[in-house]
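Respectively, the protein sequence lines represent chains A and B. Here my numbering is used: the first residue of the first sequence is 37, the next is one more, and so on. Here my numbering is used: the first residue of the second sequence is 838, the next is one more, and so on. Virtual Cβ for every residue (Gly too), placed ideally from N, Cα, C.
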Amino acid sequence: MKILTLSRRNAREILRDPLNLAFGLGFPVILLLLLSAIQANIPVALFEIQHLTPGITVFGLSFITLFSATLISKDRSSSLLSRLYTAPLTASDFILSYILPVLPIAVGQTVVCYALALILKLPLSVNILWAILCILPVSLLFIALGLLCGSLLTDKQVGGVCGALLTNLTAWLSGVWFDLELVGGVFQSIAYALPFIHAVELERAALSGNFDGLLPHLLWVLGYAAVIMVAAVFVFLRQMKRQ
Amino acid sequence: MDAIRIENLSKAYGKVWAVESLSLTVRQGELFSLLGLNGAGKTTTIKMLSCLTSPTSGDAFLLGKSIVREAQAVKSVIAVSPQETAVAPGLSVMENLELMCGVHGFPKEKKSAKIQELTELLDLSEILKKKAGKLSGGWQRRLSIAMALVSEPKILFLDEPTLGLDVVARSELWDLIRSLKGHVTVILTTHYMEEAESLSDRVGIMKNGKLLALGSVEEIKRQAECEKFEEAFIRIVKGVSV
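As structure tokens, this is what we get:
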């Protein structure tokens, strides 16, 4: 009940910010439309919809990290959290209320991307449901990053780290825009040591029905999500105690 | 039973003592003001009493519950209206009140009744649907106090509640705070001498983490041999012997 109340508040704060809606929903939608239009006018298969959509859904989640981190860091700098800390709430109430409401927002964003992709001639298949299901562990990864950054950084720093750095890392090291093998070398090695390419490959495997190829990527994503979540909870608790 | 009994309460940040060996008692229903210059230790004292920060040494008992050993029990009888306005800016006034009812686990019927009661008490009906972040400073403070009152606290901490408000908004908040006297034990910190003089049953004057004077406004004026309370305050914090 208390978690639900706090979660509802956090969801409202995120969804009522027009900039969040513009970036969270508008930007992935515009990218899908724009890149599909480019694909329709070039002779090579660069942005085919079945290849592009899983990447865009993962890229869109980097904005979820930004929203989540911004909310947490703003709450930390305001007195609202101080007030709530004097209420009979536990640390897990706070942490879960920052995680739970963001999950449906992330899934909603993914559903919108796939719905648009269907309009853009993505073949209708039950695999879309699997891809939407696979976005859950990926969402956890990005939500954990939000909790970590929000607990560590000020809201201005969040803008730089999550708004600029993370979105670019997600874009360039995930194979959304180009095949990483085209670059190869150290760049490719770094990309494969990070979770973003695995998140995109997980989505692509689910969408294409390649369930055998799904597990290794899922393990990478879950591994990173678990480690970052533990670090985020630790930092959040430390900040809570300090405050 | 005293509402608050503070026994040798101290807080150090590194080598600096923000509060040092503070001891005092506050009676139930009393409005007690903590006065002092910036850095006197007022806010740190409130933070310790409201279990937001742990004391370095000493203890305080709120309605008999220790802030060191029984923080959850203390939290169930107190509420805090922090120095800065502590509202959820993206939520309406009604939603802010619902948020506080929710975090205190009120059932639906009690929630509606409490919101209605506070809306009438603080005259919030006209702004119930407005976003808290769009309200003027005075209305935000009013909402902030309403949110603190949701939990029906026995002890209410108001940390500089009228800071930055215009004369009219301040006067209205004073009326509200006066209306709480007798029902709720109120601990108020303020920089405004006239506020402390007008509202308080007793005041404590702090400087550099230490309590320099304690008593009613009249007692302190007599102690400092001054006719005006502000002069008495200045005399005490400047260290003129009283």
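With a threshold of 8 Å between beta carbons, is Lys38/A in contact with chain B? As a position in the first sequence, residue 38/A is number 2, starting the count at 1. Judged by the 8 Å Cβ criterion, Lys38/A is in contact with chain B.
Is it the case that the region 870-880 of chain B contacts the region 1041-1052 of chain B, given that we only count it when at least three CB pairs across the two stretches are under 8 Å? yes
Give me the Cα-Cα distance between Pro54/A and Arg906/B, rounded to the nearest whole angstrom. The residue labelled residue 54/A in the question sits at position 18 within the first sequence. The residue labelled residue 906/B in the question sits at position 69 within the second sequence. So the alpha carbons of these two residues sit roughly 45 Å apart.
So that I know if they touch, is there some Cβ in chain A lying closer than 8 Å to that of Glu921/B? Reading the second sequence from its first residue, position 84 is the one you call residue 921/B. So, interface residue.
Of the choices Val1021/B, Ile1024/B and Gln920/B, whose alpha-carbon is the least far from that of Gly974/B? On the second sequence, position 137 is the one that residue 974/B refers to. Ranking the options by Cα distance to Gly974/B, first place goes to Gln920/B.
Report the rounded CA-to-CA distance for Val1079/B versus Ile1057/B, giving the unit in angstroms. The sequence position of residue 1079/B within the second sequence is 242, counting from 1. The sequence position of residue 1057/B within the second sequence is 220, counting from 1. With a pLDDT of 45 at Val1079/B, under the threshold of 50, the predicted position of this residue should be treated as unreliable, though the coordinate-derived value follows. If I take the Cα positions, the gap works out to 9 Å.
In terms of alpha-carbon separation, which member of Lys1047/B, Asp960/B, Gly1052/B and Glu1064/B lies closest to Glu844/B? By 1-based counting over the second sequence, the position of residue 844/B is 7. Taking only the C-alpha atoms, the option nearest Glu844/B is Lys1047/B.
Could you tell me whether the Cβ of Tyr121/A comes closer than 8 Å to any Cβ of chain B? Position 85 of the first sequence, counting from 1, holds the residue named residue 121/A. Answer yes: the Cβ-Cβ gap between Tyr121/A and chain B drops below 8 Å somewhere.
Nearest chain A C-beta to Leu889/B closer than 8 Å, yes or no? Position 52 of the second sequence, counting from 1, holds the residue named residue 889/B. True, the Cβ-Cβ gap to chain A drops below 8 Å.
Which chain B residues are close to Leu125/A, counting only those with a beta carbon under 7 Å from its beta carbon? The residue you call residue 125/A lines up with position 89 of the first sequence. In chain order: Val940.
Please report how far the alpha carbon of Cys46/A lies from the alpha carbon of Leu107/A, in whole angstroms. The residue given as residue 46/A occupies position 10 in the first sequence. The residue given as residue 107/A occupies position 71 in the first sequence. Looking at the sequence itself, residue 46/A is Asn, so the reference to Cys does not match. Distance between the alpha carbons of Asn46/A and Leu107/A is about 8 Å.
Contact check, Phe103/A vs Asn56/A under 8 Å by CB: the rounded distance? The residue labelled residue 103/A in the question sits at position 67 within the first sequence. The residue labelled residue 56/A in the question sits at position 20 within the first sequence. Sure, about 5 Å apart at Cβ, within 8 Å.
How long is the line joining the alpha carbons of Lys1018/B and Leu184/A, rounded to whole angstroms? Looking up residue 1018/B in the second sequence gives position 181. Looking up residue 184/A in the first sequence gives position 148. Each residue's alpha carbon lies about 43 Å from the other.
Helix, strand or coil at Ile226/A according to DSSP, with G and I counted as helix: Here residue 226/A refers to the residue found at position 190 when the first sequence is read from its first residue. Note: Ile226/A maps to helix in three-state DSSP.
Is it the case that the Cβ atoms of Glu1034/B and Phe994/B are separated by a distance below 8 Å? Locating residue 1034/B in the second sequence gives position 197, where the first residue counts as 1. Locating residue 994/B in the second sequence gives position 157, where the first residue counts as 1. Taking 8 Å as the Cβ cut-off, Glu1034/B and Phe994/B do not qualify as a contacting pair.
Output the distance between the C-alpha atoms of Leu160/A and Val143/A, rounded to the nearest integer angstrom. Locating residue 160/A in the first sequence gives position 124, counting from the first residue. Locating residue 143/A in the first sequence gives position 107, counting from the first residue. Each residue's alpha carbon lies about 18 Å from the other.
Starting from the C-beta of Ala925/B, find all residues in its chain whose C-beta is less than 7 Å away, skip the five residues before and the five after it, and write them out in chain order. Sequence index remark: in the second sequence, residue 925/B carries index 88 (1-based). Counting only Cβ-Cβ distances below 7 Å, and skipping sequence neighbours, we find Asn933, Leu936 and Ala969.
Near Phe898/B, what residues of its chain come up, given a Cβ to Cβ distance below 6 Å and the 5 sequence neighbours on each side ignored? What you label residue 898/B is simply residue 61 of the second sequence in a count that begins at 1. So the qualifying residues of the chain are Arg842.
Is there a C-beta anywhere in chain A that falls below 8 Å from the one on Val853/B? Within the second sequence, numbered from 1, the residue matching residue 853/B stands at position 16. So no, Val853/B is outside the interface.
Alpha helix (DSSP H) segment containing Ser109/A, residue limits: As a first step, residue 109/A must be located in the first sequence, where it is residue number 73. Ile85 to Ser113 is the span of the alpha helix (DSSP H), which, as asked, contains Ser109/A.
Chain-ordered neighbours of Ala925/B on chain A, where CB pairs are closer than 7 Å: Reading the second sequence from its first residue, position 88 is the one you call residue 925/B. Under the 7 Å cutoff, chain A gives Arg45, Glu49 and Leu116.
Listed by chain order, chain B residues near Thr1/A by CB distance under 7 Å: Look at the range of chain A in this structure, 37 to 279, and you will see that residue 1/A is not part of it.
Within this structure, are the beta carbons of Asp896/B and Ile883/B separated by less than 8 Å? Taking the first residue of the second sequence as 1, we reach residue 896/B at position 59. Taking the first residue of the second sequence as 1, we reach residue 883/B at position 46. Cβ distance not < 8 Å, so Asp896/B and Ile883/B don't count as in contact.
Where does Val1079/B sit, in a helix, a strand or coil, going by DSSP? For the purposes of this step, residue 1079/B is identified with residue 242 of the second sequence, where counting begins at 1. At Val1079/B, the pLDDT of 45 sits below 50, so the modelled position is not reliable and the matter cannot be decided from this model.
Determine, using beta carbons only, whether Val1074/B comes closer than 8 Å to chain A. Counted from its first residue, the second sequence places residue 1074/B at position 237. Chain A contact via Cβ: absent.
Taking 8 Å as the cut-off, decide whether the C-beta atoms of Ala167/A and Pro90/A are in contact. Your numbering for residue 167/A matches position 131 in the first sequence. Your numbering for residue 90/A matches position 54 in the first sequence. Yes.
In this structure, does DSSP put Arg52/A in helix, strand or coil? To locate residue 52/A, count along the first sequence from 1; it is residue 16. DSSP places Arg52/A in coil when its eight states are reduced to three.
For Ile78/A and Ser128/A, the rounded distance between their alpha carbons: Within the first sequence, residue 128/A is the residue found at index 92, counting from 1. Within the first sequence, residue 78/A is the residue found at index 42, counting from 1. Taking the straight line from one Cα to the other gives about 51 Å.
Measuring straight from C-alpha to C-alpha, what distance separates Leu273/A and Phe130/A? Residue mapping note: residue 273/A aligns to position 237 of the first sequence, counting from 1. Residue mapping note: residue 130/A aligns to position 94 of the first sequence, counting from 1. Answer to the nearest angstrom: the Cα atoms are 10 Å apart.
Near His234/A, which residues of its chain fall below 7 Å by C-beta distance, leaving aside the five closest residues on each side in sequence? Within the first sequence, the letter at position 198 stands for residue 234/A. Cβ neighbours of His234/A beyond the five flanking positions: His253, Trp256 and Val257.
Measuring CB to CB, does Phe232/A end up less than 8 Å from Leu205/A? For the purposes of this step, residue 232/A is identified with residue 196 of the first sequence, where counting begins at 1. For the purposes of this step, residue 205/A is identified with residue 169 of the first sequence, where counting begins at 1. For Phe232/A and Leu205/A, yes; Cβs fall inside 8 Å.
Chain B beta carbons: is any one of them nearer than 8 Å to that of Arg112/A? Along the first sequence, read from residue 1 onward, the residue named residue 112/A stands at position 76. Taking Cβ atoms only, chain B never reaches closer than 8 Å to Arg112/A, which makes this a no.
Whose Cβ in chain B lies nearer than 8 Å to the Cβ of Asp53/A? By 1-based counting over the first sequence, the position of residue 53/A is 17. Ordered by position in chain B, the residues that pass the 8 Å Cβ test against Asp53/A are Gly927.
Would you call Phe1070/B buried or exposed, if buried means 16 or more other Cβ atoms sit within 10 Å of its Cβ? As a working mapping, residue 1070/B is identified with position 233 in the second sequence. By the 10 Å Cβ count, Phe1070/B comes out buried.
Drop a sphere of 10 angstroms on the beta-carbon of Ala226/A, count the other beta-carbons inside from all chains shown, and report buried for 16 or more, exposed for fewer. To locate residue 226/A, count along the first sequence from 1; it is residue 190. First, the residue type needs correcting, since residue 226/A is Ile and not Ala in the sequence shown. Burial call: exposed.
Closer than 8 Å to chain A by CB, Val1079/B: The count along the second sequence starts at 1 and reaches residue 1079/B at position 242. Caution applies to Val1079/B, whose pLDDT of 45 falls short of 50 and renders its modelled position unreliable; the model cannot decide the point.
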